[in-house]
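This report refers to the structure that appears directly beneath it.
Residue numbers (the working numbering): 5 to 160.
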């Protein structure tokens, strides 16, 4: 089903049987990815995709989705602290629209604070700056996906 939404009810209705979800943190240089189990219990960091041309990025995500039997995607939507949407949010929405032809339901999920939360954890773990740069995007994708699946599971 082709769907791009911010409404968790509509997204869940598009996936009545659950299934694995792919979480995405879209950066300008990389795309952090995360996967959850089919029962929507936990999210784990997956691959870091180095951004190239859109067609190559899309192909990499399709390959990952197919290999992992993904049923839907959750994209982090970078909303400003005041609730407004800026250029990065518009870019994320455009990315989602350009992927709708793949047939995956896509949930746009508020990602405010995800990168900061993950960075704080990595600093507390005394990760080097280089190690943080390597991990932050895919950990942010897991943080985004975990928030979404927690909300989806809390629905009646």
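Yeah, the Cβ is synthetic: ideal placement off N, Cα and C, and Gly gets one too. In this text, all values refer to a predicted model and were calculated from it rather than measured experimentally.
Could you tell me whether the Cβ atoms of residue i and residue j are closer together than 8 Å?
| i | j | result |
| --- | --- | --- |
| residue 3 | residue 79 | Only positions 5 to 160 of the chain appear in the structure, and residue 3 is not among them; the question remains open. |
| residue 25 | residue 149 | yes |
| residue 42 | residue 22 | yes |
| residue 104 | residue 6 | yes |
| residue 111 | residue 76 | yes |
| residue 157 | residue 12 | no |
| residue 147 | residue 121 | yes |
For residue i, write down the residues that DSSP places opposite it in a beta bridge.
| i | result |
| --- | --- |
| residue 34 | 54 |
Between residue i and residue j, how many whole angstroms is the CB-CB distance? I'm expecting something under 8 Å.
| i | j | result |
| --- | --- | --- |
| residue 20 | residue 143 | Going by Cβ atoms, the distance from residue 20 to residue 143 rounds to 30 Å, so no, they are not a contact pair. |
| residue 54 | residue 32 | Not confirmed; about 11 Å, so no contact. |
| residue 47 | residue 153 | 6 Å |
| residue 115 | residue 29 | 7 Å |
| residue 15 | residue 109 | 6 Å |
Kindly say whether residue i, judged by its beta-carbon, lies nearer than 8 Å to any beta-carbon of chain D.
| i | result |
| --- | --- |
| residue 78 | The structure shown contains no chain D; it is built from a single protein chain. |
With a floor of 4 residues, list each alpha helix (DSSP H) that falls wholly inside the stretch 60-130, ordered by position along the chain.
Inside the stretch 60-130, DSSP marks whole alpha helix (DSSP H) runs of 4 or more residues at positions 91-103 and 118-128, from first to last along the chain.
If we count Cβ pairs, one from each stretch, closer than 8 Å, do we get three or more for the stretch 83-91 versus the stretch 29-42?
Per the Cβ contact rule, the stretch 83-91 is not in contact with the stretch 29-42 (fewer than 3 Cβ pairs under 8 Å).
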